[in-house]
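Adding 4 to a residue's 1-based position in the sequence shown gives its number in the numbering used here. The block underneath contains the structure these notes are about, expressed in structure tokens.
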Amino acid sequence: MAFSSGNDSGGPMAEINVTPLVDVMLVLLIIFMITTPLMNHKVKVQLPEATLDQKPERDKVPPVTIAVTERGELFWNDEPSTRQLIESKLSVEAQRDPQPVINIRADKTTKYRLVNDVVKVAQAQGMRKVGFITTPPKKGQ
């Protein structure tokens, strides 16, 4: 709503009416004053402490790495291998107690179908721990 400045010429006003701006700013100030203490409120909870069951070194089994290239070539711990040989080795490893972790490493351009085939073979042979190896991101990215 514009008020005249005493000039009865009926022309447009040149001053900005700041009253609505001040009203909005005061409302925002009140909202922030009310919500800020609520955001800082923290519930104190006593978290349990984790205890790790340290197994002796003799129980630790080194992980097995299966590498898959873009052309579908397979490697068992960096030694060339075939699918049938990997299946038989995985069935032997599945019988061990504790089972080793199976790490699958693949080229960036390897089709996922090839990696999925290796995962399915490992699961079919009874391997419970199957993971993937990736390159960690470089710092600054």
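Cβ atoms here follow ideal geometry from the backbone N, Cα and C, with glycine treated the same way.
Collapsing the DSSP output to three states places proline 84 in a strand. When the Cα atoms are used, phenylalanine 136 and aspartate 121 turn out to be separated by approximately 14 Å.
Around the beta carbon of leucine 94, 16 or more other beta carbons sit within 10 angstroms, so the residue counts as buried. Of all alpha-carbon atoms in Glu91, Gln103, Ile108, Met17, the one lying nearest the alpha-carbon of aspartate 82 is that of Ile108. Judged by DSSP in its simplified three-state form, isoleucine 38 adopts helix. Residue pairing for threonine 69: DSSP places it in a beta bridge opposite Asn107. For a cut-off of 8 Å, the C-beta gap from aspartate 111 to threonine 73 is around 6 Å, short enough to register as a contact.
Contact check for isoleucine 90 against methionine 131 fails: the beta carbons are separated by 8 Å or more. Annotation: aspartate 27 to proline 141 spans about 49 Å, alpha carbon to alpha carbon. Residue pairing for valine 134: DSSP places it in a beta bridge opposite Ile106.
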